[in-house]
Ligand SMILES: [Zn+2]
């Protein structure tokens, strides 16, 4: 069962960052046999001529809410508390398991079309529905339940004790961890410090260590959050988590916007993984210290966050935003370079989710998770003077021609192979409408609309 991709511009993202012009990639089953200048074997089942095309590792989206896919456009131009209490909580608390399945499947379709084959979900609704969708779509996922054991204004269905929340998660791990040919792991989720007692934080970490999985938490996301931490714990979020002994290499800190320089050092020391979500952060969160983190040796990866915070669930667009936002206000054109951003979206992402030995680069022995890019399919990526920069600054998701995960094509020549796109679009719209109806969510109209 060998597949051979030939005549490609192969970007390996291996430790030496080697690139091969007229290179090739040999895949056998779910694994890469070799990438570089590889001889074509006689017994290939499939040979793909990639002349004029780029082959590189597929993207890893390290912070994204699969259950929120049907909430795109539900919360634009509102402050954080309105976002949460009037739009997202009513939406999420009214989801059924089937809604979660449809939402996640639609989400997966968008990821695959934008070249992403691995995601980390910080805590969504109905993990069972998410698992079913990820299994069908064929991507990798670290899934978690939305977990909260305290906080004001929580919908009644979410008011649970610390013990209840931990028990549910242990059950989910026993049921779903290492399922779907080992593409799925179940992680521990902690929503934010607003909604987590110290007991929950510490016991989640203990259990994550016991099961060999990670903890995914929104950390130092908003200014109001670090102020809340100072009021209730006496110090800002990261310092508090450091004092608790929570910071560790299996923690994904989503956003990580409000860190002091000392707190960046705490992240480096404990090898905490940062998921930088620039588009989402530009709404109300602020500028994370990404250039400093990279300089200090913190592992920074990229994430899109959820559809109602970003709207574009697309790692290609996320790379582009990353390439811009750190430069403008610093007046430093090289604050974060294209090669660093490409690493953030691939190998750093794999490291962040604990999959460095599995994917994130094209190397012998790793799983075949990769994309084929066609720069010539439209006018907007051309010409290519500086390939690595072009991928970050001018590629569009429509340039991604084919996407492979675990040695299987999930999209070939822009056609999804594991998901019926027409059907999921239809179902997605229906389910989105129904959730809003049940949750009583109605948006004010921005222009007077005439109806008949
Ligand atoms: Zn988030």
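Residue numbers (the numbering used here): 1043 to 1494.
Each residue gets a CB set at the ideal place from its N, CA and C atoms; glycine is no exception.
Between ligand 1 and residue 1321, a heavy atom-to-CB distance of less than 6 Å is absent. Within a 10 Å sphere around the beta-carbon of residue 1198 sit fewer than 16 other beta-carbons, which makes this residue exposed.
Taking every protein chain shown into account, the CB of residue 1237 has 16 or more other CB atoms within 10 angstroms, so this residue is buried.
Proximity of the beta carbon of residue 1474 to ligand 1 is not indicated: no heavy atom of the ligand is located closer than 6 Å. For residue 1296, the shortest C-beta to heavy atom distance toward ligand 1 is below 6 Å.
Inter-residue distance for residue 1074 and residue 1446 is about 11 Å (C-alpha atoms, whole angstroms). Residue 1444 is a Cβ neighbour of residue 1454, given a cutoff of 7 Å.
Contact check between the segment 1157–1171 and the segment 1180–1195: three or more CB pairs, one atom from each, fall below 8 Å, which counts as touching. The closest CA to that of residue 1448, considering only 1403, 1422, 1475, is found on 1403. Taking 7 Å as the cut-off, the beta carbon of residue 1481 is found closer than this to the beta carbon of residue 1136.
1240 is the residue among 1244, 1377, 1240 whose C-alpha sits nearest the C-alpha of residue 1274. Relative to ligand 1, the beta carbon of residue 1347 is positioned inside 6 Å of a heavy atom.
Scanning the segment 1310–1378 from its first residue to its last, the whole beta strand (DSSP E) runs of 3-plus residues come out as 1315–1318, 1341–1344.
Of all C-beta pairs linking the segment 1316–1328 to the segment 1286–1303, three or more are shorter than 8 Å, placing the two stretches in contact. Taking a C-beta distance under 7 Å as the contact criterion, residue 1380 and residue 1430 qualify as a contact pair. Taking C-alpha positions only, residue 1294 is separated from residue 1491 by approximately 44 Å. Rounded to whole angstroms, the separation of the alpha carbons of residue 1130 and residue 1116 is 8 Å. Rounded to the nearest angstrom, the Cβ distance from residue 1111 to residue 1160 is 17 Å, too far for a contact under 8 Å. Residue pairing by DSSP places residue 1052 opposite 1062, 1097 in a beta bridge. Burial state of residue 1371 is exposed, judged by a 10 Å Cβ sphere holding fewer than 16 other Cβ atoms. Each residue's CA atom was taken as its position, placing residue 1175 and residue 1147 some 5 Å apart. For residue 1444, DSSP records a beta bridge to 1414. Of 1389, 1387, 1043, 1362, the smallest CA-CA separation from residue 1423 is found for 1362. With distances taken between CA atoms, residue 1460 lies nearest to 1152 out of 1105, 1442, 1152.
The segment 1098–1107 makes contact with the segment 1376–1394, as at least three CB pairs between them are under 8 Å.
DSSP assignment within the segment 1201–1256 yields the following whole alpha helix (DSSP H) runs of 4 residues or more, N-terminal first: 1204–1218, 1240–1253. Distance from the CA atom of residue 1368 to the CA atom of residue 1318, rounded to whole angstroms, is 12 Å. Fewer than three Cβ pairs drawn from the segment 1194–1208 and the segment 1216–1228 lie within less than 8 Å of each other, which leaves the two stretches out of contact. Between the alpha carbons of residue 1066 and residue 1438 lies a distance of about 23 Å.
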